[in-house]
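Those sequence lines, one after another, are chains A and B. Numbering-wise (my numbering), the first sequence opens with residue 249 and increments by one. Numbering-wise (my numbering), the second sequence opens with residue 866 and increments by one. Using N, Cα and C, we set each Cβ at its ideal position, and we do this for glycine too.
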Amino acid sequence: SAVISQKPSRDICQRGTSLTIQCQVDSQVTMMFWYRQQPGQSLTLIATANQGSEATYESGFVIDKFPISRPNLTFSTLTVSNMSPEDSSIYLCSARDPGAPGYTFGSGTRLTVV
Amino acid sequence: GQQVMQIPQYQHVQEGEDFTTYCNSSTTLSNIQWYKQRPGGHPVFLIQLVKSGEVKKQKRLTFQFGEAKKNSSLHITATQTTDVGTYFCAGRANQFYFGTGTSLTVIP
């Protein structure tokens with residue numbers, strides 16, 4: 249299955265600033281997904297990123313707050329903009345191997361906004 | 866709101882005891898997947914069930930998909946400390962939803 253490298257693994261940021269999270273996949277994948285997970289909670293899908301088109305955002309998430317790039321079939325970034333303490337969470341990227349049933353996840357980015 | 870619920874939310878068992886988590890959807894699912902997330906880790910895919918009534922086994926783990934394709938269960942026989950983690954079901958209705966998760970603690 250695909251291997252996803254995600255960085256940074258954690259960061260502590262000042263409110264009002266932005267953080268860009270990167271995910272690199274070791275194979276080409278059509279879609280990549282960005283999730284948010286509060287500690288001890290389930291995963292909430294933020295958006296789906298397709299190469300060559302704008303990301304599709306889920307209800308409650310907007311492009312101005314979470315801009316996403318997908319420049320090629322192996323890479324994507326998620327930016328958390330104008331951060332507030334409420335953005336403190338774990339952010340995970342995910343992708344699915346063509347022909348494989350399950351989704352592979354990056355190791356996650358633990359973000360703390362102070 | 867959340868469409869895929871799991872019970873229990875937490876479960877503490879003595880090592881060697883069995884464990885079951887139940888997953889219930891408000892809508893019919895085309896398939897159900899199960900993931901395990903170790904403390905501090907990321908979700909790892911375990912298995913996918915597609916057919917109504919399907920049962921699959923992986924060593925001590927038994928997965929079932931309900932006849933109506935609205936519920937599923939994961940049963941672990943004779944738990945070990947390595948089974949510690951949160952188990953999520955995930956299913957596709959109009960979109961892909963993760964369940965609320967069951968956190969398993971195994972007491973040595």
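Please list the terminal residues of the continuous beta strand (DSSP E) segment that includes residue i.
i	result
H940/B	936-941
N320/A	316-320
G956/B	950-957
M870/B	869-872
R258/A	258-261
V251/A	Careful: V251/A lies outside any beta strand (DSSP E) and carries neither H nor E.
H877/B	875-879
Can you give the Cα-Cα distance for residue i and residue j, rounded to whole angstroms?
i	j	result
T304/A	S249/A	25 angstroms
N959/B	N896/B	12 angstroms
G905/B	K255/A	15 angstroms
V949/B	H907/B	13 angstroms
F309/A	A297/A	13 angstroms
S253/A	R358/A	14 angstroms
T360/A	L293/A	19 angstroms
T892/B	S917/B	14 angstroms
From this set, the options, which residue's C-alpha is nearest residue i's C-alpha?
i	options	result
T265/A	F314/A, V328/A, R318/A, E334/A	V328/A
V362/A	E302/A, V310/A, S301/A, S336/A	S336/A
Q270/A	T292/A, F309/A, Y351/A, S342/A	S342/A
T927/B	K934/B, V915/B, T942/B, A933/B	T942/B
F910/B	G356/A, P349/A, S355/A	P349/A
T322/A	S307/A, V251/A, S275/A, S355/A	S275/A
E334/A	R284/A, L326/A, T268/A, V273/A	R284/A
When Cβ atoms are compared, which residues of the stretch 893-912 of chain B fall closer than 7 angstroms to chain A?
-> Q898, H907, P908, F910
Are there three or more Cβ pairs, one per stretch, closer than 8 angstroms when the stretch 255-267 of chain A is compared with the stretch 287-307 of chain A?
-> no
Listed from N- to C-terminal order along the chain, which residues in the stretch 921-955 of chain B have their beta-carbon within a distance smaller than 7 angstroms of any beta-carbon of chain A?
-> F953
If you pair each beta-carbon of the stretch 885-895 of chain B with each one of the stretch 923-938 of chain B, do three or more pairs fall below 8 angstroms?
-> yes
In chain order, what residues of the stretch 256-272 of chain A put their CB closer than 9 angstroms to some CB of chain B?
-> none
Return the residues of the stretch 345-356 of chain A that lie within a Cβ-Cβ distance of less than 9 angstroms from chain B, sorted by chain order.
-> A348, P349, G350, Y351, T352, F353, G354, S355, G356
Take every Cβ of the stretch 269-285 of chain A, pair it with every Cβ of the stretch 310-324 of chain A, and state whether three or more of those distances are shorter than 8 angstroms.
-> yes
Anything in the stretch 315-347 of chain A with a Cβ closer than 7 angstroms to a Cβ of chain B? List those residues in chain order, please.
-> L340
Which residues, taken in chain order from the stretch 289-300 of chain A, show a beta carbon closer than 9 angstroms to some beta carbon of chain B?
-> Q289, S290, L291, T292, L293
Compile a chain-ordered list of the residues in the stretch 959-970 of chain B whose CB is closer than 8 angstroms to at least one CB of chain A.
-> Q960, F961, F963, G964, T965, G966, S968
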